[in-house]
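Chains as they are written, first to last, in UniProt numbering: chain C, 1 to 410; chain S, 1 to 677. Quick reminder that beta carbons are idealized off the backbone N, C-alpha and C, glycines included. So the structure is just underneath, and the comments pick up after that.
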Amino acid sequence: MPAIEFVTELPGHAGPAWAVSWNPCRPILASCSSDKTVRLYGYNVKQSTDSEGANDRFEFRFLQEIPTAHKRTIRSIAWSPNGKSLATGSFDSTVGIWEEVDEYEGVEGVERYQDDSVEKEWECITTLEGHESECKGVSWSSDGTLLASCSRDKSVWIWELQADGDFECISVMMEHTQDVKSIAWHPSEEILASASYDASIYLFADDPDSDWSPFQKLNPSLPAAPASISTEGSTSLSAATVESTPDFVVPPLQEPETVWSLAYSPCGRYLASGGDSGGIRIWERSGNDIDSRWIERTHVEAHRARACFALSWIAGSGPADGADEISVGRLVSVGGDGRICLWNVAKGEMQQDQTSQPIQMQLLTLREQAHTIYDINSVAVLQRNVSPGARLFATAGDDGGVKIWRISDM
Amino acid sequence: MAFSGALQLTDLDDFLAPSQACILPVKQKNKVTDQAQGLNPDTDIHIDAQNNYYEVAISSKPSTAAPAPTLKPTDKTVGGTDSVGVLQVQQQGAQGKQLEKAEISLNDCLACSGCVTSTESMLITLQSHLEVQTYINAEDDNRTGILTISPQTLASLVTSYTETPSSSSSSSSSSCQGLTMTQLLRRIRTFFSSPQNGGWAGVWDTTFARHLSLREHVAEYKERRLVGKGKQALTPTSADDPGTPLKGGGLPMLASACPGWVCYAEKAHGDLLDFVSHTRSSQGVMGSLVKQWWAAERKKTPKDVYHVTVMPCYDKKLEASRSDFYSELYETRDVDCVLTTGELDLLLRERGFNPFQAVSGEDAHEVSPRDSPFPELISHSGTSSGSYLHTLIDALAREHHNDTRLVTRPVRGSEDHVEYILEDAATGEIIFKGAKCYGFRNLQNLVRKVGKETGVKAVGRGIGASKLSAAVAARRRAGKAKLAAGQDSAVSSSASSITEQAEERTLDYVEVMACPGGCVNGGGQMKPKSENAATAAKQAAGRDEEGYSRDWEMEGVEAPKTQIDEGMRWSTKSWVAKVEKVYWSGLPTPPQSPKADGQDQVVAEEEHKDRKISAVDPQIEIANKIGQQIIDTIVESSKKSLSTTNSAEIAYEARINFLRTRYRKVEGDVSGLTAKW
Ligand code: SF4
Ligand code: SF4
Numbered sequence: 001m002p003a004i005e006f007v008t009e010l011p012g013h014a015g016p017a018w019a020v021s022w023n024p025c026r027p028i029l030a031s032c033s034s035d036k037t038v039r040l041y042g043y044n045v046k047q048s049t050d051s052e053g054a055n056d057r058f059e060f061r062f063l064q065e066i067p068t069a070h071k072r073t074i075r076s077i078a079w080s081p082n083g084k085s086l087a088t089g090s091f092d093s094t095v096g097i098w099e100e101v102d103e104y105e106g107v108e109g110v111e112r113y114q115d116d117s118v119e120k121e122w123e124c125i126t127t128l129e130g131h132e133s134e135c136k137g138v139s140w141s142s143d144g145t146l147l148a149s150c151s152r153d154k155s156v157w158i159w160e161l162q163a164d165g166d167f168e169c170i171s172v173m174m175e176h177t178q179d180v181k182s183i184a185w186h187p188s189e190e191i192l193a194s195a196s197y198d199a200s201i202y203l204f205a206d207d208p209d210s211d212w213s214p215f216q217k218l219n220p221s222l223p224a225a226p227a228s229i230s231t232e233g234s235t236s237l238s239a240a241t242v243e244s245t246p247d248f249v250v251p252p253l254q255e256p257e258t259v260w261s262l263a264y265s266p267c268g269r270y271l272a273s274g275g276d277s278g279g280i281r282i283w284e285r286s287g288n289d290i291d292s293r294w295i296e297r298t299h300v301e302a303h304r305a306r307a308c309f310a311l312s313w314i315a316g317s318g319p320a321d322g323a324d325e326i327s328v329g330r331l332v333s334v335g336g337d338g339r340i341c342l343w344n345v346a347k348g349e350m351q352q353d354q355t356s357q358p359i360q361m362q363l364l365t366l367r368e369q370a371h372t373i374y375d376i377n378s379v380a381v382l383q384r385n386v387s388p389g390a391r392l393f394a395t396a397g398d399d400g401g402v403k404i405w406r407i408s409d410m
Numbered sequence: 001m002a003f004s005g006a007l008q009l010t011d012l013d014d015f016l017a018p019s020q021a022c023i024l025p026v027k028q029k030n031k032v033t034d035q036a037q038g039l040n041p042d043t044d045i046h047i048d049a050q051n052n053y054y055e056v057a058i059s060s061k062p063s064t065a066a067p068a069p070t071l072k073p074t075d076k077t078v079g080g081t082d083s084v085g086v087l088q089v090q091q092q093g094a095q096g097k098q099l100e101k102a103e104i105s106l107n108d109c110l111a112c113s114g115c116v117t118s119t120e121s122m123l124i125t126l127q128s129h130l131e132v133q134t135y136i137n138a139e140d141d142n143r144t145g146i147l148t149i150s151p152q153t154l155a156s157l158v159t160s161y162t163e164t165p166s167s168s169s170s171s172s173s174s175s176c177q178g179l180t181m182t183q184l185l186r187r188i189r190t191f192f193s194s195p196q197n198g199g200w201a202g203v204w205d206t207t208f209a210r211h212l213s214l215r216e217h218v219a220e221y222k223e224r225r226l227v228g229k230g231k232q233a234l235t236p237t238s239a240d241d242p243g244t245p246l247k248g249g250g251l252p253m254l255a256s257a258c259p260g261w262v263c264y265a266e267k268a269h270g271d272l273l274d275f276v277s278h279t280r281s282s283q284g285v286m287g288s289l290v291k292q293w294w295a296a297e298r299k300k301t302p303k304d305v306y307h308v309t310v311m312p313c314y315d316k317k318l319e320a321s322r323s324d325f326y327s328e329l330y331e332t333r334d335v336d337c338v339l340t341t342g343e344l345d346l347l348l349r350e351r352g353f354n355p356f357q358a359v360s361g362e363d364a365h366e367v368s369p370r371d372s373p374f375p376e377l378i379s380h381s382g383t384s385s386g387s388y389l390h391t392l393i394d395a396l397a398r399e400h401h402n403d404t405r406l407v408t409r410p411v412r413g414s415e416d417h418v419e420y421i422l423e424d425a426a427t428g429e430i431i432f433k434g435a436k437c438y439g440f441r442n443l444q445n446l447v448r449k450v451g452k453e454t455g456v457k458a459v460g461r462g463i464g465a466s467k468l469s470a471a472v473a474a475r476r477r478a479g480k481a482k483l484a485a486g487q488d489s490a491v492s493s494s495a496s497s498i499t500e501q502a503e504e505r506t507l508d509y510v511e512v513m514a515c516p517g518g519c520v521n522g523g524g525q526m527k528p529k530s531e532n533a534a535t536a537a538k539q540a541a542g543r544d545e546e547g548y549s550r551d552w553e554m555e556g557v558e559a560p561k562t563q564i565d566e567g568m569r570w571s572t573k574s575w576v577a578k579v580e581k582v583y584w585s586g587l588p589t590p591p592q593s594p595k596a597d598g599q600d601q602v603v604a605e606e607e608h609k610d611r612k613i614s615a616v617d618p619q620i621e622i623a624n625k626i627g628q629q630i631i632d633t634i635v636e637s638s639k640k641s642l643s644t645t646n647s648a649e650i651a652y653e654a655r656i657n658f659l660r661t662r663y664r665k666v667e668g669d670v671s672g673l674t675a676k677w
């Protein structure tokens with residue numbers, strides 16, 4: 001049975017920590033906060049002797065702080081896919097792009113910058129202005145050529161990276177009628193999803209004949225089902241959920257609820273969304289065209305009527321041999337109830353009527369009060385394969401803390 | 001009903017109408033007397049789902065002497081939603097009294113920008129076709145009515161009247177058959193001049209005003225050119241340089257004809273305001289002409305004239321309510337009411353106008369002086385949004401001592417973002433670099449570019465700007481070089497040198513418009529016929545319980561491919577193309593428009609040789625003459641009222657007052673609110 005083990009805590013932010021992001025190419029973790037700074041941590045793996053890697057140890061150390069000069073809270077951060085640039089989205093309405101430079105780079109006659117041992121500085125290479133109010137999210141497309149941002153001003157912007165390293169605005173989409181809470185790019189295609197306080201999700205794609213435009217509006221409608229607990233579940237898990245039953249009542253959907261979080265499954269066929277009443281929904285793509293419809297497949301209770309603030313996936317193994325069942329992956333969710341949930345998501349056996357395969361979400365394990373009494377704002381699974389036996393993920397909470405966790409299958 | 005994209009974005013304070021910060025006292029007509037009598041001092045204001053305000057007694061025990069305040073809708077509030085609100089409160093058994101909504105008419109409003117920048121519903125309702133209906137129907141309104149119509153409006157109406165839904169998909173060759181803009185203007189004039197339709201003294205188009213605006217625009221450009229590039233405004237009164245002849249900001253000059261862009265710049269890019277042209281838009285000049293010149297000619301005060309304009313967008317309503325267009329002295333606005341094209345159509349239909357009813361003299365070549373003191377429908381070749389860029393290019397080509405050549409280059413293959421480079425035909429020296437930049441997205445890139453070129457917005461401004469190192473600059477250069485290398489191989493050798501040189505040259509002028517496609521695609525224009533029907537059907541079926549229309553098509557899983565396209569927010573591209581075609585129909589000179597075929601490198605060239613010798617269009621010549629007479633009159637009359645002896649200065653000031661305006665940066669109040677998430 002999998003378990004969530006605490007690895008370490010990385011304190012340091014002077015205000016609530018809002019987001020964590022792992023550099024996809026280098027051993028760096030970044031976090032941002034209301035204290036207007038970005039903190040960078042390095043890590044390395046002390047490989048254990050057993051080949052499974054079950055006893056690998058992880059060591060984290062503080063690298064440096066970027067003071068940024070954003071005037072207000074930095075709400076979100078995102079590494080570009082090549083790991084070279086970091087985007088910051090701030091409540092001061094701007095987006096900053098940060099790259100590592102050393103003070104002698106570009107100075108005639110000095111070749112020093114090619115030397116990796118030289119301490120480099122993270123500097124703002126450009127600022128993207130345009131939002132009228134708080135920027136809530138930033139996200140890079142899979143190939144790193146497009147950067148999207150969303151804001152309380154109800155708009156979603158797409159910027160394109162130019163050959164000279166500057167950005168050009170290629171679209172401003174104002175379909176949402178309220179604050180746009182978060183955005184997410186599809187893992188391989190140029191499809192952008194946005195989630196809003198207006199209780200809807202829009203999916204955008206580039207129309208070759210004109211411009212970027214929404215091709216579908218997703219309106220959550222399924223009522224929430226209670227979480228199904230893993231059958232082989234440990235007693236502690238059942239105890240945790242049973243004991244918290246009084247809290248665990250998510251009333252059936254009456255009002256449209258804010259959609260807080262979005263995460264595409266690594267295979268790109270599923271989209272998970274987290275809602276204000278604590279439920280998680282899974283949307284499935286019905287075809288392979290860029291504008292294929294997405295269909296709501298399931299909705300489970302997860303965070304006891306507190307908002308599900310963030311979601312992060314671990315890729316599954318795909319179709320199982322000889323069976324209809326497909327392992328979509330595991331999903332980590334965090335929320336305002338201070339809980340971390342680990343889910344198994346699978347597409348079940350073909351139904352008798354041969355028309356549909358249900359999406360099954362099973363609660364594998366959970367961790368209460370992961371940041372004590374505080375809300376957990378962000379979660380990010382480390383996708384780099386650093387240790388064969390364990391999965392790491394990081395969380396950021398209102399306590400200003402960043403915590404590292406490890407999923408181990410025991 | 002929507003503003004251009006730029007203003008939609010700045011409309012944040014959706015709950016305030018009028019602004020909370022509105023400085024006007026709200027008069028409470030149905031005074032709550034209980035409180036005055038001290039009977040029920042504890043009351044609370046409640047707001048129901050329909051945004052009605054109620055004053056409700058807090059104390060649960062009923063007030064002793066007076067009967068409990070009864071709940072009844074005030075006479076001011078009408079409509080179904082209000083009664084729903086009342087019903088709800090009654091069901092809750094609460095005691096409450098519905099409060100009257102604050103009502104502010106445009107005449108009270110000071111356009112202090114307290115709400116002008118934040119609520120759209122406000123100004124739309126203040127200037128509606130109902131207000132014009134009221135004027136027409138009023139027995140005792142002695143003001144003289146003047147209606148002025150933009151050429152884009154006429155083009156849109158002609159397209160809408162002549163296009164049948166079935167033919168909308170077929171060839172557009174027949175689209176303007178049977179009705180021209182001139183005919184329509186004259187038919188509307190005849191219609192409104194009849195006493196039962198208000199007996200309007202004048203129904204004119206705004207192209208003559210535009211002509212004056214264009215001329216002033218060129219004059220302003222030349223003034224700014226003296227100041228130089230990227231320079232900020234020099235105030236003539238500055239201590240160390242008193243009486244400098246240089247006025248205004250430097251280059252680039254950014255067009256000011258589009259209020260969508262101007263209001264957005266005031267709100268979001270105050271540091272660029274010095275570059276926004278101070279010349280009044282055609283609507284602004286029309287206001288001067290009607291209220292200052294024409295009224296004086298007729299021995300009327302400006303207040304005796306009721307001036308209504310018809311414009312392609314709602315944004316023009318904001319423009320008309322700017323404090324600069326309000327005269328303290330006469331307590332009147334240059335434009336009293338702005339209708340959109342759609343609202344004029346509504347007004348005409350409600351009064352039974354038949355666009356196909358011919359009127360006498362409608363095909364006459366010249367408008368009779370009895371009908372209009374100005375030449376009618378003057379065509380300015382260039383763009384359908386007013387030809388500001390092309391007029392400037394023509395003027396500069398004409399003043400250049402050599403033959404010139406115009407090179408056009410779509411940016412990123414966009415028809416809405418095109419660079420125009422004017423070169424000396426012999427030497428290849430660049431005389432001028434301008435651009436047309438339409439639509440909100442292109443506007444963003446323009447703002448970035450101008451900010452960078454002028455240095456008012458350094459890249460990385462705000463965050464980490466001081467730390468921007470040589471390294472970043474070096475990376476930029478390297479990237480640029482790579483880019484240029486890539487282009488060179490793709491472009492024919494003759495064009496490549498131009499490209500490189502043009503790339504380096506900073507912008508001198510930009511024709512900025514907030515709407516993709518420009519004014520023919522304004523938010524207040526007629527909707528495509530087919531879409532109209534679809535929308536109507538949708539609305540009939542798709543009202544939700546709150547009375548808001550909902551776009552059901554987008555909601556379901558089975559949503560058809562309804563594309564909400566930023567590029568063409570209000571109508572389809574083909575429809576706009578038809579309006580554009582009608583706009584240019586019957587013109588002596590076809591418009592110059594570059595053919596974008598999807599590549600940055602496409603370079604169109606046009607010899608400007610003939611321009612120098614080509615005779616000026618006689619229509620333009622007449623317009624120039626009349627324009628000069630009017631300016632002279634204005635200067636004369638201001639000489640009488642001013643005591644200064646420096647006549648050159650008076651002449652300048654008088655012209656400035658008549659044809660220019662000012663902008664002010666709007667300080668955002670966003671920082672006052674702190675969002676938790
Ligand atoms: S613009 Fe007019 S209505 Fe709005 S706050 Fe100012 S005075 Fe009041
Ligand atoms: S482009 Fe023209 S129609 Fe559009 S907002 Fe500006 S002035 Fe109005």
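- Item | Segment contact flag, the segment 380-400 of chain S with the segment 211-229 of chain S, C-beta cutoff 8 angstroms, min 3 pairs | yes
- List the residues of chain C that residue 445(S) touches, going by C-beta distances under 8 angstroms, in chain order. If you number the second sequence from 1, residue 445(S) lands on position 445. Those are 168, 169, listed as they occur along chain C.
- Message: For the segment 389-399 of chain C against the segment 256-263 of chain C, do three or more pairs of beta-carbon atoms, one drawn from each stretch, fall closer than 8 angstroms, so that the two count as touching?
- Response: no
- Message: Using the Cβ count rule (16 or more neighbours within 10 Å means buried), how would you classify residue 258(S)?
- Response: Within the second sequence, the letter at position 258 stands for residue 258(S). It counts as buried.
- Item | residue 334(S) in three-state terms, based on DSSP | Taking the second sequence and counting its residues from 1, one reaches residue 334(S) at position 334. Residue state, collapsed to three classes: coil.
- Are the C-beta of residue 328(C) and some C-beta of chain S separated by less than 8 angstroms? For the purposes of this step, residue 328(C) is identified with residue 328 of the first sequence, where counting begins at 1. Judged by the 8 angstroms Cβ criterion, residue 328(C) is not in contact with chain S.
- Task: Using the beta-carbon of each residue, find all residues closer than 5 angstroms to any heavy atom of ligand 2 and list them in chain order.
- Result: Near ligand 2, residues with a Cβ at less than 5 angstroms from any of the ligand's heavy atoms are 4(S), 258(S), 260(S), 312(S), 313(S), 315(S), 513(S), 514(S), 515(S), 519(S), 522(S); the list follows chain order.
- Would a check of beta-carbon distances place residue 577(S) closer than 8 angstroms to chain C? Here the question's residue 577(S) lines up with position 577 in the second sequence. Chain C, which has no Cβ nearer than 8 angstroms to the Cβ of residue 577(S), makes this no.
- Task: Use the C-beta contact count for residue 373(C): other C-beta atoms within 10 angstroms, 16 or more gives buried, fewer gives exposed.
- Result: Position 373 of the first sequence holds residue 373(C). Under this definition residue 373(C) is an exposed residue.
- Note down, one range per segment and in chain order, each beta strand (DSSP E) of at least 3 residues found wholly within the segment 266-350 of chain C. 270-275, 279-285, 294-301, 308-319, 326-335, 340-347
- Task: Have a look at residue 182(S) and residue 369(S) and give me their C-alpha separation to the nearest angstrom.
- Result: As a position in the second sequence, residue 182(S) is number 182, starting the count at 1. As a position in the second sequence, residue 369(S) is number 369, starting the count at 1. The straight-line gap from Cα to Cα measures roughly 15 angstroms.
- Item | Pair within 8 angstroms by beta-carbon distance, residue 314(S) and residue 523(S) | To locate residue 314(S), count along the second sequence from 1; it is residue 314. To locate residue 523(S), count along the second sequence from 1; it is residue 523. Yes, the pair counts as a contact, with Cβ atoms nearer than the cut-off.
- Task: May I have the straight-line CA-CA distance separating residue 285(C) from residue 269(C), to the nearest angstrom?
- Result: Taking the first sequence and counting its residues from 1, the one referred to as residue 285(C) is at position 285. Taking the first sequence and counting its residues from 1, the one referred to as residue 269(C) is at position 269. Rounded to whole angstroms, residue 285(C) and residue 269(C) show a C-alpha spacing of 5 angstroms.
- Message: Quick test of the definition: if touching needs 3 or more C-beta pairs under 8 angstroms, does the segment 328-345 of chain C touch the segment 195-207 of chain C?
- Response: no
- Task: Could you say which of 617(S), 655(S), 638(S), 650(S) lies nearest to residue 628(S) if we only look at CA atoms?
- Result: For the purposes of this step, residue 628(S) is identified with residue 628 of the second sequence, where counting begins at 1. Cα-wise, what sits closest to residue 628(S) is 655(S).
- Same chain, Cβ closer than 7 angstroms to residue 152(C), neighbours up to 5 away in sequence not counted: Mapped onto the first sequence, residue 152(C) falls at position 152. The residues are 133, 134, 136, 179.
- For residue 225(C), which residues from the same chain have a beta carbon less than 8 angstroms from its beta carbon, with the 5 sequence-adjacent residues on both sides left out? Indexing the first sequence from 1 puts residue 225(C) at position 225. The answer, listed in chain order, is 298, 299, 300, 301.
- Query: Can you give the Cα-Cα distance for residue 25(C) and residue 382(C), rounded to whole angstroms?
  - Reply: Taking the first residue of the first sequence as 1, we reach residue 25(C) at position 25. Taking the first residue of the first sequence as 1, we reach residue 382(C) at position 382. For residue 25(C) and residue 382(C), the distance between alpha carbons rounds to 11 angstroms.
- Could you check what DSSP says for residue 257(S) in three-state terms: helix, strand or coil? In the second sequence, the residue the question calls residue 257(S) occupies position 257. If DSSP states are grouped into helix, strand and coil, residue 257(S) belongs with coil.
- Residue-chain proximity (residue 238(C), chain S), Cβ-Cβ < 8 angstroms: Residue 238(C) sits at position 238 when you count from the first residue of the first sequence. Unreliable placement is indicated for residue 238(C), whose pLDDT of 49 sits below 50; the coordinate value is still reported in the next sentence. For residue 238(C), no Cβ of chain S is located within less than 8 angstroms of the residue's own Cβ.
- Of the residues 71(C), 127(C), 359(C), the one placed nearest residue 85(C), counting alpha carbons only: Here residue 85(C) refers to the residue found at position 85 when the first sequence is read from its first residue. When each option's Cα is compared against that of residue 85(C), the closest is 127(C).
- Query: With a cut-off of 8 angstroms, do at least 3 Cβ pairs link the segment 395-407 of chain S to the segment 416-423 of chain S?
  - Reply: yes
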